[in-house]
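Participant: The structure's right below; bear with me while I get my questions together.
Residue numbers (the numbering used here), protein chains in the order written: chain G, 1 to 244; chain Z, 1001 to 1319.
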């Protein structure tokens, strides 16, 4: 675990030095510009639209951040050969992959939390309501980004950044299109194996409903753990057989 | 190598890359290495000989097609087997946004150093490689030579008993190369084992106890450096004060002749040494030194590579 944490800490430190968290500032600026443009719905409706747009923006910002980190980290370390000094020590390749994922998960978590705080600040100024429910949506977004990061890191064990980003976006699309592609009541092996990230999509109940309960949050956590574990396992296996 | 304990033992290393085009490519056919504990062992060979691939297999960076790789008795292709191993890659690269101290602390954590150990070890190693006082400078401002020195420092983290150095003098100025040689000798004096892969034959000749020469993915020669370089049955005689035109009998006796700054260097058969010394004396010259004739490593290397045997024939083992 010590090796995993050391590698994760390096990923976080690298992200901080590369100023990727400046994305928070960009996001805040976009939000500040967009909110005054919202149409004047009735009381309550405007707040719901605000929540939906805010969470959509958090999702997009987190997606850009996660993919920019996850798609590039392993290929860049292999290409620059910085990985030699890590893997020549008593470090398993799965530890390297898990540490990289954990670091990206941490950075994404900090960023999503910061995005949410900015959103809350704007909500408080605009509507006089901090909208604590937004954290439920942000939690789902963070977990989804974690699972997506595991996929991207796994693909990056064998491919370059362009392939990783393309594959990750395709995977994300497919994972949100299960019902559209397989129908409402799918059967067979495909129904079992087909990935779905719909569990993480709680924007509608958070923006327009009463939010999610603790039981559903646990379901999201279980889906996150299962997907991340499975994808990291596959990625680690691919990286283990790779010649560097 | 007799009863010496082995620090590194590579047997039958083989690596075949499966290319999409042109079929499988064998880059290492059969390389075996035996490195005695507490020695400096050179691994030599032209570009593409398979040196770096062999080292990468030893370190676990490349999966061997076959062969066994042991460092102090442990399988070094597995992380647990590299506990006592330090590695300097060829042209080491670091995350350039880090400072030297931060880089050493990152790698130090991976070899299990505590926070307190990281602090003291980083300072000690930076001083050892000539980077004292540079620990807080960003690596982006380091020269290639300084990065090379830092690479050596990271290889020494965790107090390894066996250190593998791939082209350690690469990018170093003459003073840096001298420091590197001295560092390798100091490591050996501490009882550590150094496996050195280098193109710099003078460096290898200066520090290595034994060498293995690899060519075409096979071991072409292996042995003690003196035994490889001494030319059997010949001696080298150095003399001064001889006339420009050598006496006929002397000229007929000597083989290679070289002159430099008034000094003459003759290569003669061992059986002719006494007669040659007498003839030099008769001609009014002074014998300065008589030594077993020794090739330079450059000459030996070039000759070996030019011969059919050097292109992948059976290995020559001496001593």
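Positions of the beta carbon are idealized from the N, C-alpha and C atoms, including for glycine.
Please list the terminal residues of the continuous alpha helix (DSSP H) segment that includes residue 115/G.
Facilitator: Unbroken alpha helix (DSSP H) run through residue 115/G: 93-127.
Participant: Inspect the beta-carbon positions of residue 1056/Z and residue 1214/Z and report whether they are closer than 9 Å.
Facilitator: No. Outside cutoff.
Participant: Between residue 233/G and the rest of its own chain, which residues show a CB-CB distance below 6 Å, the 5 nearest in sequence each way excluded?
Facilitator: Answer for residue 233/G: no residue qualifies.
Participant: Could you tell me which chain Z residues have their CB closer than 7 Å to the CB of residue 84/G, listed as they occur along the chain?
Facilitator: Within chain Z, the residues near residue 84/G are 1061 and 1089.
Participant: For residue 243/G, decide whether its Cβ has a neighbour in chain Z, counting only Cβ atoms nearer than 9 Å.
Facilitator: Output row for residue 243/G: interface = yes.
Participant: Taking Cβ-Cβ distances shorter than 8 Å, what residues in chain Z pair up with residue 14/G?
Facilitator: Going along chain Z in sequence order, the residues near residue 14/G (Cβ under 8 Å) are 1095 and 1097.
Participant: Considering residue 205/G, what are the terminal residues of the beta strand (DSSP E) in which it resides?
Facilitator: Where residue 205/G is concerned, there is no enclosing beta strand (DSSP E), although the alpha helix (DSSP H) it sits in stretches over 203-208.
Participant: Shorter than 9 Å from the beta carbon of residue 1083/Z to some beta carbon of chain G?
Facilitator: Chain G, which has a Cβ nearer than 9 Å to the Cβ of residue 1083/Z, makes this yes.
Participant: Helix, strand or coil: how does DSSP classify residue 3/G here?
Facilitator: Note: residue 3/G maps to helix in three-state DSSP.
Participant: Distance check for residue 1243/Z and residue 1049/Z, CA to CA, integer angstroms please.
Facilitator: Distance between the alpha carbons of residue 1049/Z and residue 1243/Z is about 47 Å.
Participant: According to DSSP, simplified to helix, strand and coil, what is residue 1175/Z?
Facilitator: Three-state result, residue 1175/Z: helix.
Participant: Taking 9 Å as the CB-CB limit, is residue 107/G close to chain Z?
Facilitator: No, its Cβ sits nowhere closer than 9 Å to a Cβ of chain Z.
Participant: One question on the structure: do residue 1062/Z and residue 1217/Z come within less than 9 Å of each other, judged by their Cβ atoms?
Facilitator: For residue 1062/Z and residue 1217/Z, no; Cβs fall outside 9 Å.
Participant: I believe residue 1128/Z touches residue 1121/Z by the beta-carbon criterion, under 8 Å. Please report the beta-carbon distance rounded to the nearest angstrom.
Facilitator: Wrong, their Cβ atoms sit about 10 Å apart, outside the cutoff.
Participant: Would you identify the three-state DSSP class for residue 158/G, choosing helix, strand or coil?
Facilitator: In the structure shown, residue 158/G sits in coil (DSSP, three-state: anything other than H, G, I, E or B).
Participant: According to the neighbour-count rule (16 or more other Cβ atoms, all chains shown, within 10 Å of its Cβ), is residue 226/G buried or exposed?
Facilitator: Residue 226/G comes out exposed.
Participant: Quick one: which chain Z residues come within Cβ less than 7 Å of residue 92/G?
Facilitator: Going along chain Z in sequence order, the residues near residue 92/G (Cβ under 7 Å) are 1079.
Participant: Answer with yes or no whether the minimum CB distance from residue 1319/Z to chain G is below 9 Å.
Facilitator: The predicted position of residue 1319/Z is uncertain, since its pLDDT is 41 and thus under 50; a value taken from the coordinates is nonetheless stated next. Residue 1319/Z does not count as touching chain G.
Participant: Taking any Cβ of chain G, which residues in the segment 1103-1123 of chain Z have a Cβ under 8 Å from it, in chain order?
Facilitator: Against chain G - using a Cβ distance shorter than 8 Å - the residues of the segment 1103-1123 of chain Z are 1106, 1107, 1109, 1110, 1111 and 1112.
Participant: Excluding the 5 residues flanking residue 151/G on each side, which residues of the same chain have their C-beta closer than 7 Å to its C-beta?
Facilitator: Cβ within range, chain order: 168, 171 and 231.
Participant: Using a Cβ cut-off of 9 Å, pull out every chain G residue sitting near residue 1092/Z, in sequence order please.
Facilitator: Within chain G, the residues near residue 1092/Z are 81, 82, 84 and 85.
Participant: The beta strand (DSSP E) with residue 1025/Z in it runs from where to where?
Facilitator: First-last of the beta strand (DSSP E) with residue 1025/Z: 1024-1036.
Participant: Under 9 Å, Cβ to Cβ, is there at least one residue of chain Z near residue 72/G?
Facilitator: With 9 Å as the cut-off, residue 72/G does not count as an interface residue toward chain Z.
Participant: Which residues of chain G have a Cβ atom closer than 7 Å to the Cβ of residue 1200/Z, listed in chain order?
Facilitator: Per Cβ cutoff of 7 Å: no residues; residue 1200/Z is ~21 Å from chain G at best.
Participant: Ordered along the chain, which non-local residues of its own chain (more than five positions away) have a Cβ less than 7 Å from that of residue 4/G?
Facilitator: Excluding residues within five positions, the ones whose Cβ falls inside 7 Å are 95, 98, 99 and 102.
Participant: Taking the alpha carbon of residue 1086/Z as the reference point, which residue from 1257/Z, 1206/Z, 1039/Z and 1157/Z has its own alpha carbon closest?
Facilitator: Among 1257/Z, 1206/Z, 1039/Z and 1157/Z, the Cα nearest to that of residue 1086/Z belongs to 1157/Z.
Participant: Given a cut-off of 9 Å on the beta-carbon distance, is the pair residue 1238/Z and residue 1291/Z in contact?
Facilitator: Yes, the Cβ-Cβ distance between residue 1238/Z and residue 1291/Z is below 9 Å.
Participant: What three-state label does DSSP hand residue 1313/Z in the structure shown?
Facilitator: Low confidence applies here, because residue 1313/Z scores a pLDDT of 40, under 50, leaving its location unreliable and the question unanswered by this model.
Participant: Between the Cα of residue 220/G and those of 181/G, 153/G, 142/G and 155/G, spot the shortest distance and give me the residue it belongs to.
Facilitator: Closest option to residue 220/G, Cα to Cα, is 142/G.
Participant: Can you tell me the Cβ-Cβ gap for residue 1231/Z and residue 1295/Z, rounded? I've got them flagged as a contact below 8 Å.
Facilitator: So it is a contact: roughly 6 Å between Cβ atoms.
Participant: By how many angstroms is the C-alpha of residue 1279/Z removed from the C-alpha of residue 1249/Z?
Facilitator: Looking at the two C-alpha atoms, the distance is approximately 8 Å.
Participant: So residue 1051/Z is in the alpha helix (DSSP H); what residue range does that whole segment cover?
Facilitator: Where residue 1051/Z is concerned, the enclosing alpha helix (DSSP H) stretches over 1051-1059.
Participant: Run through the DSSP bridge pairs and tell me what residue 1255/Z is partnered with.
Facilitator: For residue 1255/Z, which the question treats as bridged, DSSP gives no partner whatsoever.
Participant: Taking C-alpha atoms, which residue in 1159/Z, 1147/Z and 1277/Z lies nearest to residue 89/G?
Facilitator: Nearest option by C-alpha distance: 1159/Z.
Participant: Using 8 Å as the threshold, is the segment 1065-1072 of chain Z in touch with the segment 1008-1022 of chain Z, meaning 3 or more CB pairs across them?
Facilitator: With the cut-off at 8 Å, the segment 1065-1072 of chain Z and the segment 1008-1022 of chain Z touch.
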